[in-house]
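This report refers to the structure that appears directly beneath it.
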Amino acid sequence: LNCQKAAMRSLRLARNNSSSEHERLVYEGWILYDTGYREEALAKAEESISIQRSFEAFFLKAYALADTNLDPVSSSTVIQLLEEALKCPSDGLRKGQ
């Protein structure tokens, strides 16, 4: 069993069955992230946050930002994003994490 392929299939299935636009965007963001499109994943997270603030969207944004920028300013931003994530509702699924 190839875990990466299974995970990608699961993300695509979940995206296709999302109950809301902001949730679909988070799944799309993780798919983009997992296929190497970090900047595009950041954009999906930001778009999702603009629709509805959620733990999952902030976590995706923090995760993608941490992976694309390692400077001290970015590190501070990642911490702030994670703090914002903790203030938001979550569906408990922790998409992609």
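First residue of the sequence shown? That's 2 in our numbering, and the numbers climb one at a time after it. Virtual Cβ for every residue (Gly too), placed ideally from N, Cα, C. None of these values were measured; they are calculated from a predicted model.
Start and end residues, alpha helix (DSSP H) containing residue i
{"i": "N17", "result": "4–17"}
{"i": "Y64", "result": "56–69"}
{"i": "S51", "result": "39–52"}
As assigned by DSSP and simplified to three states, the class of residue i
{"i": "L78", "result": "Before going further, note that residue 78 is Thr rather than Leu in the sequence given. Looking at T78 - three-state DSSP - the assignment turns out to be helix."}
{"i": "P73", "result": "helix"}
Contact set for residue i: own chain, Cβ-Cβ below 6 Å, skip 5 residues either direction
{"i": "A15", "result": "Y28"}
{"i": "G30", "result": "A42, K45, A46, L61"}
Whole-angstrom C-beta distance between residue j and residue i, which should lie under 8 Å
{"i": "A65", "j": "A86", "result": "Their Cβ separation, rounded to whole angstroms, is 13 Å, which puts A65 and A86 out of contact at 8 Å."}
{"i": "H23", "j": "A58", "result": "7 Å"}
{"i": "S55", "j": "C89", "result": "5 Å"}
Where residue i falls, given that 16 or more other Cβ within 10 Å makes a residue buried
{"i": "V79", "result": "buried"}
{"i": "L61", "result": "buried"}
{"i": "A46", "result": "buried"}
{"i": "L12", "result": "buried"}
{"i": "L33", "result": "buried"}
{"i": "L82", "result": "buried"}
Residues of its chain near residue i, where Cβ-Cβ distance is below 7 Å and the 5 sequence neighbours each way are ignored
{"i": "R25", "result": "R16, S19"}
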